[in-house]
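Have a look at the structure below before the remarks.
2 protein chains.
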Amino acid sequence: MDAATSPVKRRDTSKKREAILNGAIQAFAEMGYDQASMDAIAEIAGVSKRTVYNHFRTKENLFQGVIAKFLEEQQALKRIEYDPARALEDQLTAFAHAEMYLINSPSRLGLSRVLTSVFIRDIDYARRITAQYASPHEPFMQWLAAAREDNKLAIDNPPLAAKVFYAMIEGAITWPALFQHGIDTEAAKPLLDELIATFIERYRKEE
Amino acid sequence: MDAATSPVKRRDTSKKREAILNGAIQAFAEMGYDQASMDAIAEIAGVSKRTVYNHFRTKENLFQGVIAKFLEEQQALKRIEYDPARALEDQLTAFAHAEMYLINSPSRLGLSRVLTSVFIRDIDYARRITAQYASPHEPFMQWLAAAREDNKLAIDNPPLAAKVFYAMIEGAITWPALFQHGIDTEAAKPLLDELIATFIERYRKEE
DNA sequence: TGTTATTTACACTGTACAGTATAATTAACG
DNA sequence: CGTTAATTATACTGTACAGTGTAAATAACA
């Protein structure tokens with residue numbers, strides 16, 4: 001199958017593949033999984049339906065390609081570096097804002113909804129897929145560990161504290177954004193500040 | 001249309017209607033909205049398909065009947081009375097446990113997933129439906145107000161505090177339960193305790 | 001018991017869509 | 001250029017399912 005070892009002449013098909021993937025992303029995001037027919041996807045991608053099937057055996061297969069792209073991006077975008085020179089509030093606020101803008105970005109919002117609706121219809125399937133990616137809370141747990149190391153936070157159980165923080169962010173921002181047309185970032189700021197204040201009050205190291 | 005005012009003889013059809021509704025609830029919960037065909041629903045309900053259509057004009061219509069039943073029950077089950085004789089921790093813990101057992105109950109878990117998947121596919125539809133019911137946070141806001149009145153909590157902005165609490169419960173319990181096969185209630189207790197401690201540390205009134 | 005509203009069985013229509021078949025066309029690579 | 005892998009247009013198959021039509025059966029009520 002490898003171009004270098006195969007005796008068969010193979011051409012570069014990555015361009016079409018990209019086009020199909022992008023068309024599928026757009027179609028899924030705008031119409032949802034079921035409504036996005038393979039005909040519609042092919043048309044949006046500017047490609048014949050047969051070509052779609054030449055690249056992806058089934059619709060489900062194509063969807064997995066879309067998911068992979070989406071989740072890999074997500075993973076790359078959820079970084080947080082601990083900075084000992086910066087106030088904890090500042091860093092947490094920046095991080096929470098990043099989460100809010102990420103979920104709010106229109107292109108991702110649509111796909112997040114589709115992912116949610118597909119995953120909740122088949123949670124075992126969801127497990128199988130998401131198991132292939134690192135836990136999205138990992139970078140934050142690293143941050144917490146660094147802050148503790150730096151004697152700024154008193155945390156007995158970092159995974160537990162990470163769950164508390166993510167519960168707040170997801171419960172207050174992520175899920176509401178999905179069920180509305182995104183979040184009004186200005187209106188959400190007082191809530192975000194309150195969450196961060198609550199978190200810090202709990203775990204701040206007493207001097 | 002009213003039996004008392006109509007000149008047409010009308011019989012009691014509520015039994016069949018109940019049977020259809022219960023069959024639909026079971027079918028939707030077990031198979032999801034799309035997979036639950038009207039034929040399947042009729043069979044589970046022990047009723048002919050034509051009778052289903054005699055009671056509900058369309059599948060969507062039937063689904064609304066199911067939703068109505070579900071959301072009304074939900075509303076009734078989300079009560080919390082403030083008790084000045086009981087510690088805040090106790091009351092919040094009991095409340096949070098009630099939420100956890102409610103989402104965990106197998107019959108409701110399936111329907112909650114279906115509701116989620118339908119609502120997230122059409123958030124404007126979701127708005128129209130849920131707008132007909134009281135905000136699910138209302139009872140808790142009353143509780144907060146009573147606790148403040150009783151000088152136990154220092155809360156400037158009760159709706160904001162309510163959002164903080166519900167964000168924690170939903171982010172930590174409700175959503176995870178939906179995407180797993182429910183929540184392991186024992187394993188969740190430390191997290192629940194931590195959330196409540198965090199909430200109380202933020203809003204407890206200093207003596 | 002007779003009337004008739006309601007229910008049933010069953011055949012049917014129309015539509016939407018995943019996936020396939022195939023012959024013709026295009027364009028990348030040597 | 002010529003070869004041929006990749007792509008295209010188009011027509012097609014099979015299936016699933018919402019919703020309808022109808023005549024016969026059933027059962028609630030007067």
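Residue numbers (our numbering), protein chains in the order written: chain L, 1 to 207; chain S, 1 to 207.
Cβ atoms here follow ideal geometry from the backbone N, Cα and C, with glycine treated the same way.
Quick caveat, the model's predicted, so the values are computed rather than measured.
Partner residues on chain S for residue i, Cβ-Cβ distance less than 9 Å
i                 : result
Arg86 of chain L  : Within 9 Å Cβ-Cβ: nothing; Arg86 of chain L doesn't reach chain S, min ~23 Å.
Lys59 of chain L  : Within chain S, no residue comes near Lys59 of chain L; the closest Cβ sits about 14 Å away, beyond 9 Å.
Glu201 of chain L : Thr198, Glu201, Arg202
Identity of the residues DSSP links to residue i by a beta bridge
i                 : result
Leu153 of chain S : S:Arg204
Under 7 Å by beta carbon: chain L residues contacting residue i
i                 : result
Val66 of chain S  : The premise fails here: Val66 of chain S is roughly 17 Å from chain L at the closest Cβ pair, so nothing lies under 7 Å.
Thr116 of chain S : Ile120
Gly113 of chain S : The sequence given here has Arg at residue 113 of chain S, not Gly. Within 7 Å Cβ-Cβ: Ile120.
Cβ neighbours of residue i in the same chain (closer than 7 Å, five flanking residues each side left out)
i                : result
Ala4 of chain L  : Interpretation of Ala4 of chain L is limited by its pLDDT of 37, a score under 50 that renders its predicted location unreliable; the figure taken from the coordinates is listed afterwards. Excluding positions up to five away in sequence, the list is empty.
Arg57 of chain S : none
Whole-number beta carbon distance between residue j and residue i, since they are thought to touch under 8 Å
i                 : j                 : result
Gly171 of chain S : Gly171 of chain L : 3 Å
Leu263 of chain S : Ala29 of chain S  : Nothing can be reported for residue 263 of chain S: it is not among the residues displayed for chain S, which extend from 1 to 207.
Arg113 of chain L : Leu178 of chain L : 6 Å
Lys69 of chain S  : Leu21 of chain S  : 6 Å
Val164 of chain S : Thr198 of chain L : 6 Å
Ala167 of chain S : Ala162 of chain L : The pair is not a contact, with the Cβ atoms about 15 Å apart (cut-off 8 Å).
Leu109 of chain S : Gly182 of chain S : 6 Å
Lys209 of chain L : Asp34 of chain L  : Past the boundaries of the shown model lies residue 209 of chain L; chain L is included only from 1 to 207, so the question cannot be answered.
Glu201 of chain L : Glu201 of chain S : 6 Å
Same chain, Cβ closer than 8 Å to residue i, five either side skipped, listed in chain order
i                 : result
Arg17 of chain L  : His55
Ala154 of chain S : Arg148, Tyr203, Arg204, Lys205, Glu206
Phe95 of chain S  : Ile80, Phe140, Trp143
Ala126 of chain L : Val118, Phe119, Ile120
Ile67 of chain L  : Leu115, Ile129
Ala36 of chain S  : Ala24, Ala27, Phe28, Glu30
Ala19 of chain L  : Ala45, Gly46, Val47
Asn104 of chain S : Ala177, Gly182, Ile183, Thr185
Gln75 of chain L  : Tyr133, Ala134, Pro136
Thr51 of chain L  : Lys16, Ile20, Ala42
Gly32 of chain L  : Arg113, Val114, Ser117
Ala187 of chain L : none
Sequence-distant residues of the same chain with beta carbon closer than 6 Å to residue i, five excluded per side
i                 : result
Gly23 of chain L  : Ile41, Ile44, Ala45
Pro7 of chain L   : Reliability fails at Pro7 of chain L, whose pLDDT of 47 lies under 50, so the model's placement of it is uncertain and the value that follows must be treated cautiously. Contacts found: none.
Lys189 of chain L : none
Met1 of chain L   : Confidence at Met1 of chain L is low in this model, with a pLDDT of 35, below 50, so its placement is unreliable and no value can be given for it.
Glu99 of chain S  : Ile169
Ser14 of chain L  : none
Asp12 of chain L  : none
Beta-carbon neighbours of residue i, restricted to chain L and to distances below 9 Å
i                 : result
Asp34 of chain S  : Asp34, Arg121
Tyr166 of chain S : Gly171, Ala172
Leu178 of chain S : Ile120, Ile123
Pro190 of chain S : Asn157, Leu160
Contacts that residue i makes with chain S (C-beta to C-beta distance below 7 Å)
i                 : result
Gln26 of chain L  : None at all; the shortest Cβ gap to chain S is about 17 Å.
Lys163 of chain L : Ala172, Leu191
Amino acids of chain L, ordered along the chain, whose beta-carbon sits closer than 8 Å to that of residue i
i                 : result
Ala126 of chain S : Phe179
Leu195 of chain S : Val164, Ala167
Contact list for residue i against chain S, beta-carbon separation under 8 Å
i                 : result
Arg108 of chain L : By Cβ distance, chain S contributes nothing, its closest Cβ being about 14 Å from Arg108 of chain L, past 8 Å.
Trp175 of chain L : Glu170, Gly171, Trp175
Per the contact definition of three or more C-beta pairs closer than 8 Å, is the region 88-95 of chain S in contact with the region 86-96 of chain L? no
Are three or more beta carbon pairs between the region 40-49 of chain S and the region 122-130 of chain S nearer than 8 Å? no
Does the region 76-83 of chain L come into contact with the region 142-150 of chain L, if we say contact requires no fewer than three beta-carbon pairs (one atom in each stretch) closer than 8 Å? yes
Cβ pair count under 8 Å reaching 3, the region 147-155 of chain S against the region 170-190 of chain S: no
Does the structure place the region 157-166 of chain S close enough to the region 184-202 of chain L that three or more beta carbon pairs sit under 8 Å? yes
Taking contact to mean at least 3 C-beta pairs separated by less than 8 Å, is the region 126-135 of chain L in contact with the region 129-140 of chain S? no
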